[in-house]
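Colleague:
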Amino acid sequence: MSKLFNNNFLTDIYGISDIIKSNDYKLKDIGDTSKQFTANLLDIKSVSQNNKSVATGDSTVNNIVSNSKPSDSTVNNIVSNSKPSDSTVNNIVSNSQSSDSTVNRSVIASTNDMVNKSIGVPPLQVLELLRKEIENCSKCRLSASRTNVVFGDGNVFAKLMFIGEGPGADEDQAGLPFIGRAGQLLTKMIIAMGFKKEDVYIANIVKCRPPNNRNPFEDETACCISYLHKQIATINPDYIITLGSIATKYLLNTNEGISSLRGRWQSLNLPHLSDKEYQVMPTFHPAYLLRSPTKKVFVWQDLQLVMKEMGLPVK
Ligand code: SF4
Numbered sequence: 000m001s002k003l004f005n006n007n008f009l010t011d012i013y014g015i016s017d018i019i020k021s022n023d024y025k026l027k028d029i030g031d032t033s034k035q036f037t038a039n040l041l042d043i044k045s046v047s048q049n050n051k052s053v054a055t056g057d058s059t060v061n062n063i064v065s066n067s068k069p070s071d072s073t074v075n076n077i078v079s080n081s082k083p084s085d086s087t088v089n090n091i092v093s094n095s096q097s098s099d100s101t102v103n104r105s106v107i108a109s110t111n112d113m114v115n116k117s118i119g120v121p122p123l124q125v126l127e128l129l130r131k132e133i134e135n136c137s138k139c140r141l142s143a144s145r146t147n148v149v150f151g152d153g154n155v156f157a158k159l160m161f162i163g164e165g166p167g168a169d170e171d172q173a174g175l176p177f178i179g180r181a182g183q184l185l186t187k188m189i190i191a192m193g194f195k196k197e198d199v200y201i202a203n204i205v206k207c208r209p210p211n212n213r214n215p216f217e218d219e220t221a222c223c224i225s226y227l228h229k230q231i232a233t234i235n236p237d238y239i240i241t242l243g244s245i246a247t248k249y250l251l252n253t254n255e256g257i258s259s260l261r262g263r264w265q266s267l268n269l270p271h272l273s274d275k276e277y278q279v280m281p282t283f284h285p286a287y288l289l290r291s292p293t294k295k296v297f298v299w300q301d302l303q304l305v306m307k308e309m310g311l312p313v314k
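Per numbering that gives the first Met the number 0, the sequence shown starts with residue 0, numbered consecutively.
1. Mind listing which residues have their beta carbon within less than 7 Å of any non-hydrogen atom of ligand 1? Chain order is fine.
2. So, under 8 Å CB-CB, Q303 and V296 are touching, yes? Tell me the CB distance rounded to an integer number of Å.
3. Between which two residues does the beta strand (DSSP E) containing M188 stretch?
4. Measuring CB atoms only, is the segment 160 to 173 touching the segment 202 to 212, in the sense that at least three cross pairs come out at less than 8 Å?
5. Rounded to whole angstroms, what's the CA-CA distance from G179 to I133? Just pull it up for me.
6. Along the chain, where does the alpha helix (DSSP H) that runs through G163 open and close?
7. Take every Cβ of the segment 122 to 136, pair it with every Cβ of the segment 186 to 197, and state whether three or more of those distances are shorter than 8 Å.
8. Contact check, G174 vs V149 under 8 Å by CB: the rounded distance?
9. Buried or exposed for R208, going by 16 or more other Cβ atoms inside 10 Å?
10. What distance in whole Å lies between the Cβ atoms of F216 and I257, which are believed to be in contact at a cut-off of 8 Å?
11. Would a C-beta distance cut-off of 7 Å place P121 and L184 closer than the cut-off?
12. Does DSSP put Q212 in a helix, in a strand, or in coil?
13. Who are G153's beta bridge partners in DSSP?
14. In angstroms with no decimal places, state the Cα-to-Cα distance between K248 and E255.
15. Kindly give me the distance between the Cβ atoms of Q300 and V279, rounded to whole angstroms, as I take these residues to be in contact under 8 Å.
16. Where DSSP assigns a beta bridge to T282, which residues make up the other side?
17. Grab me the residues of L242's own chain with a C-beta within less than 8 Å of its C-beta, minus the 5 sequence neighbours each way, in chain order.
18. Pick out whichever of F8, C136 and T10 has its Cα sitting closest to the Cα of I224.
19. So what does Y277 bridge to, in DSSP terms?
20. DSSP three-state call for T253: helix, strand or coil?
21. By Cβ distance, which residues of its chain are closer than 6 Å to I245, with the 5 residues on each side in sequence left out?
22. Use the C-beta contact count for G167: other C-beta atoms within 10 angstroms, 16 or more gives buried, fewer gives exposed.
23. Would you kindly work out how many angstroms separate the C-alpha atoms of E308 and L288, rounded to a whole number?
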């Protein structure tokens with residue numbers, strides 16, 4: 000219960016008595032859901048640790064598969080179902096080691112192809128190669144002022160993805176998304192839904208910080224959006240929540256304002272990367288909520304729509 004009282008996101012919206020009433024579902028229903036996600040996460044983490052070896056190019060997918068815990072059938076099935084042939088992966092990994100520009104081009108071609116599920120490369124490896132590709136990216140002017148590329152972070156098997164517009168100063172320094180004040184509020188939103196931050200995946204429209212936290216320009220988003228499309232197609236979430244007008248505009252390719260789009264399901268197709276139609280819920284950006292806390296109630300309504308679709312209990 001103390002967690003609930005510490006959760007400013009809900010206490011700002013509901014009275015304390017309402018939160019006490021909601022305690023039952025928090026502890027019982029969401030607790031069950033969280034346990035399942037935690038179990039998955041523990042095993043995914045063991046896969047992630049082994050994935051470090053992919054970055055140095057001295058491992059194969061077989062290592063990752065054999066090191067995943069056999070007790071979790073969900074993760075094991077996902078990993079084993081996506082196991083490619085050794086030769087494919089070895090070629091991919093060896094390509095990613097070289098700095099030679101010819102080979103780098105082949106890495107980019109590889110990630111384009113690998114996102115295609117039919118090739119069967121595990122998401123961890125696709126994302127690692129994509130991360131390598133982006134680390135050296137200079138396709139737009141934002142590369143000149145960045146400290147770190149902010150690739151994205153979270154559970155590569157997430158059913159739910161959050162997408163913001165771009166890194167801020169804290170994120171640029173750390174190379175991680177949503178770790179500043181807005182990120183802390185986003186974490187509270189995620190917890191209020193019944194998840195942990197590690198259960199979901201968080202990414203941005205642009206991977207490098209726009210100077211002085213300005214909005215990314217259209218040509219910058221045009222350069223960068225394909226990376227996000229590949230992340231989405233690789234992680235393959237069932238649901239996506241766009242945070243704020245910029246993320247919504249560029250992901251959904253719309254000029255409709257966030258105030259009219261929020262709370263209404265949208266769909267996203269990535270025809271060259273995935274057959275899936277992704278369900279997208281636009282809502283306000285946490286940074287906006289810090290400036291306008293009375294809007295939290297609208298965001299909570301939007302999050303509850305997502306929770307309902309995901310089969311989570313709602314108030
Ligand atoms: S914002 Fe995107 S396209 Fe621009 S340099 Fe960074 S990674 Fe490349």
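Every residue, glycine too, gets a C-beta built ideally from N, C-alpha and C.
In this text the structure is predicted, and so the values were computed from the model without any measurement.
Modeller: Looking at the atomic coordinates:
1. I133, C136, S137, K138, C139, L141, S142, R145, V148, V205, K206, C207, E219, C222, C223 and Y226
2. Their Cβ separation, rounded to whole angstroms, is 11 Å, which puts Q303 and V296 out of contact at 8 Å.
3. Looking at the DSSP string, M188 is not in any beta strand (DSSP E); the run it does join, the alpha helix (DSSP H), is R180 to M192.
4. yes
5. 22 Å
6. Counting along the chain, G163 falls outside any alpha helix (DSSP H), though it belongs to the beta strand (DSSP E) covering L159 to G163.
7. Fewer than three pairs of CB atoms, one per stretch, sit closer than 8 Å, so the segment 122 to 136 makes no contact with the segment 186 to 197.
8. 6 Å
9. buried
10. The C-beta distance from I257 to F216 rounds to 18 Å, too long to meet the 8 Å contact threshold.
11. Result no, Cβ atoms of P121 and L184 do not sit closer than 7 Å.
12. The question names Gln, yet the displayed sequence has Asn at residue 212. Three-state DSSP puts N212 in a helix.
13. The partner list for G153 (beta bridge, DSSP) reads Y200.
14. C-alpha of K248 to C-alpha of E255: approximately 7 Å in a straight line.
15. Their Cβ separation, rounded to whole angstroms, is 16 Å, which puts Q300 and V279 out of contact at 8 Å.
16. T282 has L242 as its beta-bridge partners, per DSSP.
17. F161, I162, G163, E164, L185, T282, F283, H284 and P285
18. C136
19. Bridge partners of Y277: L267.
20. coil
21. The beta carbon of I245 lies closer than 6 Å to those of E164 and N214 in the same chain, with the five residues before and after it left out.
22. With a threshold of 16 other beta carbon atoms within 10 Å, G167 meets it and is buried.
23. Rounded to the nearest angstrom, the two C-alpha atoms are 24 Å apart.
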